[in-house]
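Visitor: Following UniProt numbering, the numbering of the sequence shown begins with 1 at its first residue and continues without gaps. Even glycine gets a Cβ: it sits at the ideal position worked out from N, Cα and C. Values in this document were obtained by computation on a predicted structure and should not be read as measured data. The structure follows.
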Amino acid sequence: MAKGFDCAAPLTKTLAKKFREDGYEFVCRYLVPSGWKRLTKSEAAAISTAGLQIVSVYETTASRALGGRSAGLADGAIAAQTALAVGQPAGSRIYFAVDFDASASQMDTVIQYIKAAGEASSKFRTGVYGSAAVVEAAMAAKACTGFWQTYAWSRGRKAEGIHLYQYDNGPKGLGQPIHGVNVDINLSSGDAGWWNTLAAVPSTPTHSDGEVKEYMLNQEDAKKIIAFIQAAYMAAGSPESREEFHRLADEIRKASGQPVEEEK
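Below, the structure is given as structure tokens:
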């Protein structure tokens, strides 16, 4: 399990380095176009240089998801544009926040918001932040591919299959004061969709100790792997086999930040 934190306050390289030295591996920051808590391109570079990964979360107001589909389409488009502006690579993930105790009667509207946000930010994978009920509803509806649960409003339950778990909001719900910054503490179980400005799109290999860690596939290594796949493509005896080898090569291209190619 990788340990991380989320915070509203922007981080300097020095501050980010202190957290990295404390054993934190990622930070969740706000991917919004304006305001004091927004992630900027220069901050993203500073965080990356300090050795932390970045998890992007889009939130303007706590109950924005109650705007339904129209709000989701607008927010998804803005989130994608903002992500590209700060250097977030396509293929990584943007989480959309449902930062309130959503009721069962509100859940359909929330799901419409999440689905629409994903439609409007198609260059990125999308996820949802919220209570166990929100996360489970999004899973059931296949509204997104990333699930970040907060223990708040979850009434002691922890959903199965989540990628991030926010388990500590501080003694008064205002965060734990660490290095002069109020932070919430999180754990990642793998494939959180994080990113940094020093590499391309993340993949998720498994280490020998069983822990899933994210990193970016080196493009030179990717080209060597693709060359072997292309040799198999040329030797394939059926159109179906060639189609599968082409698909595999494109997955390698995406994992290393290269554009996919049309099958010849």
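Express the C-alpha separation of Asp221 and Ser238 in angstroms, rounding to a whole number.
Guide: Using only the alpha carbons, I get a separation of about 28 Å.
Visitor: Do Phe100 and Ala62 have their C-beta atoms closer together than 8 Å?
Guide: yes
Visitor: Less than 8 Å separating the beta-carbons of Leu31 and Ser48?
Guide: In this structure, Ser48 does not lie closer than 8 Å to Leu31 by Cβ.
Visitor: In angstroms, rounded to a whole number, what distance separates the CA positions of Gly193 and Tyr233?
Guide: Using only the alpha carbons, I get a separation of about 30 Å.
Visitor: Excluding sequence positions up to five away, which residues of its chain have a Cβ less than 8 Å from the Cβ of His163?
Guide: Gly127, Gly146, Phe147, Trp148, Ser188, Ser189, Gly190, Asp191, Ala192, Gly193
Visitor: By how many angstroms is the C-alpha of Asn186 removed from the C-alpha of Val27?
Guide: 9 Å
Visitor: Report yes if the CB atom of Trp195 is closer than 8 Å to the CB atom of Ser92, and no otherwise.
Guide: yes
Visitor: With a Cβ-Cβ cutoff of 8 Å, do residue 275 and Gly76 count as a contact?
Guide: Residue 275 is absent from the structure shown; the chain starts at 1 and stops at 264.
Visitor: Within its chain, find whatever has a CB closer than 8 Å to the CB of Ala46; leave out the 5 residues flanking it on each side and keep chain order.
Guide: Residues of the same chain with a CB within less than 8 Å of the CB of Ala46, apart from the 5 flanking positions on each side, are Leu11, Thr12, Lys13, Ala16 in chain order.
Visitor: Let me make sure I understand the geometry here. Which of Ala235, Tyr151, Phe96, Lys3 has the alpha-carbon closest to that of Glu59?
Guide: Phe96
Visitor: Note down, in chain order, each residue of its chain lying with its Cβ closer than 7 Å to the Cβ of Ile78, except the 5 sequence neighbours on either side.
Guide: Only Pro33 meet the Cβ criterion.
Visitor: Could you spell out the range, first to last residue, of the beta strand (DSSP E) harbouring residue 265?
Guide: Because the chain in this structure spans residues 1 to 264, residue 265 falls outside the shown range and cannot be described.
Visitor: Look at the alpha carbon of Lys254 and the alpha carbon of Arg247, and state the distance between them as a whole number of angstroms.
Guide: If you take the alpha carbons of Lys254 and Arg247, they lie about 11 Å apart.
Visitor: Whose C-beta lies closer than 8 Å to the C-beta of Ala159 among residues of the same chain, with five residues either side of it excluded?
Guide: Ala132, Val135, Glu136, Met139, Phe147, Gln149
Visitor: How would you label Gln81, buried or exposed, when you count the other beta carbons within 10 angstroms and need 16 or more for buried?
Guide: exposed
Visitor: Can you give the beta carbon distance from Thr40 to Val86, rounded, assuming they're within the 8 Å contact cut?
Guide: 6 Å
Visitor: Looking at the strands, I want to know which residues DSSP matches up with Gln53.
Guide: Phe26
Visitor: Following the continuous beta strand (DSSP E) through Asp108, name the residue where it begins and the one where it ends.
Guide: Note, Asp108: premise wrong, no beta strand (DSSP E); alpha helix (DSSP H) at 107 to 120.
Visitor: Count the other CB atoms within 10 Å of the CB of Glu25; is the residue buried (16 or more) or exposed (fewer)?
Guide: buried
Visitor: Going by Cα to Cα distance, which pick from Tyr113, Ala83, Asp250, Phe19 is closest to Phe124?
Guide: Ala83
Visitor: Which residue's Cα is closest to the Cα of Ala227: Ile252, Gly67, Tyr129?
Guide: Closest by alpha carbon: Ile252.
Visitor: Quick check on the burial criterion: 16 or more other C-beta atoms within 10 angstroms. Buried or exposed for Ala143?
Guide: buried
Visitor: Excluding the 5 residues flanking Ala65 on each side, which residues of the same chain have their C-beta closer than 6 Å to its C-beta?
Guide: Val98, Val110, Tyr113
Visitor: So the alpha helix (DSSP H) Val135 belongs to, where does it begin and stop?
Guide: 132 to 141
Visitor: Check this for me: beta carbons of Asp6 and Gln166, under 8 Å apart or not?
Guide: When the beta-carbon positions are compared, Asp6 and Gln166 come within less than 8 Å of each other.
Visitor: In the DSSP assignment, find the unbroken beta strand (DSSP E) run with Gln258 in it and report its ends.
Guide: Gln258 -> no beta strand (DSSP E), and no H or E assigned at all.
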